[in-house]
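In terms of our numbering, the sequence shown is residues 622 to 737.
Glycine included, C-beta positions come from ideal geometry on N, C-alpha and C.
Notes to accompany the following structure.
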Amino acid sequence: MSALTLHTGAMFDTATRFRAVAIAEAFSWLGLLVGMFFKYATDLGDLGVKVFGPIHGVVFVVYLVVTAFTARQQRWDVWTTGWALVSSIPPLATVVFERWVLRTGKLDPIAARRTI
């Protein structure tokens, strides 16, 4: 395997990594919301919050870091980067944002092959 193949493969992972983390962030948010529902609306306890709280916290921070790297690599403008970061706050908005950047071509696997 040549150095070019390794380099291209690693750069291609930027778009895939962003998509995976965006989806994981949305599902961890959803898990936390379900856990909070069971904690506050029922007498089933707070196990869901104890499990999904830390998971969501870690995935949230990973999403912010991956978004910063992706924004730089994909050469997103300030508004696109800002929307990417803001989308981490409302539940499931990272999936909506991820679909939008794919549809508009702002998350381009070909562009991900460029070096920073």
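Expressed to the nearest angstrom, what Euclidean distance is found between the alpha-carbon atoms of residue i and residue j?
{"i": "Asp667", "j": "Val642", "result": "25 Å"}
{"i": "Asp664", "j": "Asp634", "result": "44 Å"}
{"i": "Tyr661", "j": "Leu706", "result": "28 Å"}
{"i": "Gly678", "j": "Arg693", "result": "23 Å"}
{"i": "Val716", "j": "Phe659", "result": "24 Å"}
{"i": "Gly674", "j": "Val687", "result": "20 Å"}
{"i": "Gly656", "j": "Val670", "result": "5 Å"}
Tell me which residue opens and which closes the alpha helix (DSSP H) that residue i is part of.
{"i": "Thr702", "result": "Val699 to Val707"}
By DSSP, does residue i sit in helix, in strand, or in coil?
{"i": "Pro675", "result": "helix"}
{"i": "Asp664", "result": "coil"}
{"i": "Gly726", "result": "coil"}
{"i": "Leu612", "result": "Here the chain comprises residues numbered 622 to 737, so residue 612 is not present and cannot be evaluated."}
{"i": "Ile644", "result": "helix"}
{"i": "Arg696", "result": "coil"}
Does the separation of the CB atoms of residue i and residue j fall below 9 Å?
{"i": "Leu654", "j": "Thr691", "result": "no"}
{"i": "Val680", "j": "Ser649", "result": "yes"}
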